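**Student:** Just so we're aligned, residue 809 is where the sequence shown starts under the working numbering, counting upward by one. Ideal Cβ positions, reconstructed from N, Cα and C, are used throughout, including at glycine. Please read all numbers here as calculations on a predicted model, not as lab measurements.
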Amino acid sequence: MRYPYKDKTPNIAESVFVADFVTITGDVTIGDKSSIWFNSVIRGDVAPTIIGKRVNIQDNSCLHQSPNNPLIIEDDVTVGHQVILHSSIIRKNALIGMGSIILDGAEIGEGAFIGAGSLVPPGKKIPPNTLALGRPAKVVRELTEEDKKDMERIRTEYVEKGQYYKSLQS
809 MRYPYKDKTP NIAESVFVAD FVTITGDVTI GDKSSIWFNS VIRGDVAPTI
859 IGKRVNIQDN SCLHQSPNNP LIIEDDVTVG HQVILHSSII RKNALIGMGS
909 IILDGAEIGE GAFIGAGSLV PPGKKIPPNT LALGRPAKVV RELTEEDKKD
959 MERIRTEYVE KGQYYKSLQS
């Protein structure tokens with residue numbers, strides 16, 4: 809379901825796969841070849857939500873904002889199952905592990921990996937190319953080449969799967 813909110817209507821690139829039972833409202837922009845998976849909710853009724861290209865928002869995730877504090881997800885980001893993103897910035901090539909919560913003003917650095925079930929508190933900055941995990945999330949190490957290859961594999965698979973499912977909708 810797509811809903812306008814006041815004078816704002818979701819702006820979704822034609823190549824985006826939006827699965828069944830997804831709700832997208834208001835001031836939301838989604839870039840080329842991104843995929844929004846089953847039962848996710850993206851609300852743009854408080855501030856903008858900007859999602860880049862080739863981003864995957866996996867099943868049961870919830871994206872929202874606080875007043876005057878947009879949610880920005882740059883290109884090539886993976887957002888795992890049941891993630892909550894709220895008024896934060898997720899830099900390109902980052903991966904947010906399933907069940908994680910990223911709160912207002914947090915910034916996840918380029919290529920960073922947030923481990924499953926983590927809580928990134930308000931205003932916390934996670935450096936690029938690091939693994940952070942826990943509640944609250946703490947940086948535990950630099951990413952290895954193997955980590956980076958696995959993150960790339962996941963991103964690529966989700967673009968391919970999303971485009972396959974998109975072709976079934978045509």
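Could you check whether I865 and T837 sit closer than 8 Å to each other, using their CB atoms as the reference points?
**Tutor:** no
**Student:** On the DSSP bridge list, what partners appear for A940?
**Tutor:** In the DSSP output, where bridge partners are listed per residue, A940 has I922, V947.
**Student:** Under DSSP, the alpha helix (DSSP H) around D828 begins and ends at which residues?
**Tutor:** D828 -> no alpha helix (DSSP H), and no H or E assigned at all.
**Student:** Considering only DSSP beta bridges, list what K816 is partnered with.
**Tutor:** Y813
**Student:** Short of 8 Å in beta carbon distance, which residues of its chain neighbour N876, apart from the five on each side in sequence? Order them along the chain.
**Tutor:** A855
**Student:** Indicate whether at least one CB of chain B lies closer than 8 Å to the CB of R961.
**Tutor:** No chain B is present in this structure, which holds just one protein chain.
**Student:** Specify the secondary structure class of T952 as computed by DSSP and reduced to three states.
**Tutor:** coil
**Student:** For E915, which residues of its own chain have a beta-carbon under 6 Å away from its beta-carbon, when the five flanking residues on both sides are left out?
**Tutor:** I897, K933
**Student:** Of the residues Y972, S874, K900, which one's Cα is nearest the Cα of V885?
**Tutor:** K900
**Student:** Excluding five sequence neighbours on each side, which residues of the same chain lie with their C-beta closer than 6 Å to the C-beta of M959?
**Tutor:** Excluding residues within five positions, the ones whose Cβ falls inside 6 Å are L903.
**Student:** Write down the C-beta distance between K969 and G919 rounded to the nearest angstrom, noting that I regard them as a contact closer than 8 Å.
**Tutor:** That belief does not hold up - the Cβ atoms of K969 and G919 are roughly 22 Å apart, past 8 Å.
**Student:** Given a cut-off of 8 Å on the beta-carbon distance, is the pair G905 and G923 in contact?
**Tutor:** yes
**Student:** Apart from the five residues on each side of it in sequence, which residues of its chain come closer than 6 Å, Cβ to Cβ, to I880?
**Tutor:** I858, I897
**Student:** On a CA-only basis, which of L911, V947, P878 is nearest R851? Give me that one, please.
**Tutor:** P878
**Student:** Q890: which of S874, D883, G907 sits nearest, CA to CA?
**Tutor:** G907
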